[in-house]
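Below is one structure, written out as structure tokens; the observations come after it.
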Amino acid sequence: MDFLRPASWEEALAAKAEHPTAVPIAGGTDVMVEINFDHRRPEYLLDLNRIGDLSEWEVGEKTVRLGASVSYTKIMENLRAELPGLALASHTVASPQIRNRGGVGGNLGTASPAGDAHPALLASGCEVEVESLRGRRMIPIDDFYVGVKRNAMEPDELIRSVHLPKADGPQQFSKVGTRNAMVIAVCAFGIALHPETRTVRTGIGSAAPTPVRAKEAEDFLAAALDEGGFWESGSPIPPSVAKQFAQLASGACNPIDDVRGSAKYRRHAVGIMARRTLGWTWESYRGNERSAQCA
Amino acid sequence: MRVTFTVNGRQQEADDVWEGESLLYVLRERMGLPGSKNACEQGECGSCTVRLDGVPVCSCLVAAGQVEGHEVVTVEGLADYAKQRAEHGSCGSGACGTSIDAAKQWEARPADSQTGENTELSPIQQAFIDAGAVQCGFCTPGLLVAADELLERNASPSDADIREALSGNLCRCTGYEKILDAVRLAAARGEGQTAGQGA
Ligand SMILES: Cc1cc2nc3c(=O)[nH]c(=O)nc-3n(C[C@H](O)[C@H](O)[C@H](O)COP(=O)(O)OP(=O)(O)OC[C@H]3O[C@@H](n4cnc5c(N)ncnc54)[C@H](O)[C@@H]3O)c2cc1C
Ligand code: FES
Ligand code: FES
């Protein structure tokens with residue numbers, strides 16, 4: 001094995017071009033587990049820790065440019081106002097020690113359907129900035145997850161940052177697990193209200209081969225809110241609408257039975273989380289902040 | 001490969017390190033610092049917790065090469081670390097944690113043994129003993145490092161703060177109650193000491 005330690009982004013791209021099989025290592029919270037357990041013996045490890053730029057973020061007028069290696073802890077501490085959905089999701093990842101090292105770039109690199117950042121990223125409608133010596137491209141998050149633990153990146157590409165729209169309305173994240181800390185999601189749900197475009201976006205974790213949006217549920221809800229003039233009136237959402245939204249969210253799942261839960265349970269739980277998180281975000285849109293943050 | 005970094009204030013070097021080796025392995029097997037424990041090697045138990053540039057991390061999940069040129073504090077250096085922090089004042093400003101510069105200036109005053117025997121205990125270590133928070137002791141080093149960092153950031157943590165800060169550290173013996181007691185005790189003693197200093 002070789003350990004490559006590029007000091008700059010350009011050096012990292014050159015190294016990845018020269019050794020496309022090199023495994024990038026950021027926080028190492030996925031990579032090191034695989035190495036410790038002999039599940040992976042890469043020829044090259046490409047350490048990204050010396051590239052300071054990757055651990056920085058910039059808050060622009062409309063978007064936040066989040067460096068690939070910004071830790072979950074930093075997201076929770078610094079970007080709660082701009083990226084509330086992602087900050088909530090970050091807080092449910094593992095433990096303080098893991099959150100101090102792991103970040104969104106690694107979550108995207110692994111592209112596990114259970115990764116907690118994904119529902120929030122899908123709901124926000126972000127773009128992933130990837131680059132190689134051949135050039136830079138922005139991958140819309142909807143096109144990023146292409147299969148079980150597979151993403152849309154080419155072997156010579158690295159993730160530089162994620163460009164997320166700043167929240168223009170309330171966002172929520174909910175996760176089912178057997179305990180509060182240190183738990184892989186049985187399933188998870190993210191929702192973002194976008195009052196500026198009068199749309200709602202969602203993300204579902206651990207209930208399909210990849211993280212997915214509940215598009216039919218989104219379209220149904222957007223139409224219902226529009227037709228009923230809810231964005232203007234701020235009236236409560238009728239239970240029938242919330243119920244239909246929940247059912248459609250359930251229907252967007254394509255889960256499996258595994259040790260963490262059955263497919264049936266996952267479908268059911270996603271429906272419940274969809275209804276609850278819709279309730280929380282809508283109440284907060286109407287100006288009634290929820291007092292407790294837990295489900 | 002060769003890896004050089006600072007451990008408990010002293011520069012250390014390890015040769016013939018395998019590229020996939022963890023910081024935990026280097027500390028335990030190459031540097032003779034077995035305080036950080038290896039129980040799971042997958043980030044689940046926290047018994048390998050150390051400070052990396054001031055930040056608590058699972059040393060089993062940090063590649064040794066990633067630590068080149070950085071600062072590590074292990075449980076063996078905790079007493080000295082806490083002492084220097086007390087002497088040089090810690091964070092009353094709200095900007096908490098240890099800056100890299102501060103960490104660089106810090107040097108452990110070597111006791112007889114590199115493993116930290118014969119040194120005074122840090123307040124959190126003493127509190128663990130006094131509260132009866134140690135049974136088999138396997139989880140203790142990681143908990144001490146995590147709890148010490150909590151108290152550095154937050155001198156009077158709520159129970160929820162303590163639970164959150166220690167949520168990455170498993171203990172199979174104590175049932176956690178005595179561990180919570182120990183952190184509360186250390187916090188109360190710390191407050192007694194800093195009362196009137198505006199911290
Ligand atoms: C005990 C434990 C509990 C966990 N709990 C959770 C949890 O609750 N929720 C959750 O979502 N995850 C969890 N994880 C998984 C892990 O912490 C996350 O996936 C984390 O986001 C990974 O980030 P990292 O920087 O550590 O990634 P790394 O391990 O460094 O990398 C992960 C993958 O991404 C690639 N990669 C990293 N950076 C880049 C880049 N810039 N460009 C291209 N590829 C890159 C790597 O090559 C690798 O394939 C847990 C892990 C552990 C050990
Ligand atoms: S040995 Fe590192 S977390 Fe268990
Ligand atoms: S005292 Fe035995 S594991 Fe905690």
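Protein sequences, first through last, are from chains A and B.
Residue 70 in full-length UniProt numbering sits at position 70 of the first sequence; the count goes up by one each step and never skips.
Residue 145 in full-length UniProt numbering sits at position 145 of the second sequence; the count goes up by one each step and never skips.
Every residue, glycine too, gets a C-beta built ideally from N, C-alpha and C.
Within chain A, the C-beta atoms nearer than 7 Å to that of T49 of chain B come from Q97, in chain order. Among the residues of chain B, none has a CB under 8 Å from the CB of F230 of chain A; the nearest is roughly 36 Å distant.
The CB of D47 of chain A comes closer than 8 Å to the CB of A63, G65 and Q66 in chain B, given here in chain order. The alpha-carbon separation between E76 of chain B and A63 of chain B amounts to approximately 20 Å.
In the DSSP assignment, L4 of chain A falls within the unbroken beta strand (DSSP E) covering D2 to L4. Sequence-distant partners of A152 of chain A (beyond 5 residues in either direction) whose C-beta falls short of 7 Å from its own C-beta, in its chain, are I139, D143, F144 and V146. G137 of chain B has its Cβ nearer than 7 Å to a heavy atom of ligand 3.
Not a single heavy atom of ligand 3 lies less than 7 Å from the C-beta of C48 of chain B. Look at C58 of chain B: its C-beta is under 8 Å from a C-beta on chain A. Taking C-beta atoms as the reference points, I256 of chain A and A263 of chain A count as a pair closer than 8 Å. For chain A, the residues of the segment 11 to 27 of chain B that bring a beta carbon within less than 8 Å of one of its beta carbons are W18, E19, G20 and S22, in chain order. Counting only residues of its own chain and dropping the five nearest sequence neighbours on each side, G261 of chain A has a CB closer than 6 Å to the CB of V186.
Restricting attention to A:W231, A:V130, A:H163 and A:D156, the CA atom closest to the CA of L83 of chain A is found in A:H163. Think of a sphere of 9 Å around the beta carbon of A165 of chain B: the chain A residues whose beta carbon falls inside it are P96, in chain order. Here D53 of chain A carries a helix assignment [DSSP, helix/strand/coil]. Cβ contact annotation for I184 of chain A (same chain, cutoff 6 Å, sequence separation greater than five): A114, in chain order. In the displayed model, A208 of chain A falls within coil according to three-state DSSP, outside both helix and strand. The segment 158 to 178 of chain A makes no contact with the segment 235 to 255 of chain A; the number of CB pairs closer than 8 Å stays below 3. Three or more beta-carbon pairs drawn from the segment 120 to 132 of chain B and the segment 180 to 191 of chain B are found closer than 8 Å, and the two stretches are therefore classed as touching.
Any Cβ of chain B closer than 8 Å to the Cβ of D2 of chain A would place that residue at the interface, and such an atom is present. Using a 10 angstroms sphere on the CB of R5 of chain A, the tally of other CB atoms reaches 16 or more, which defines it as buried.
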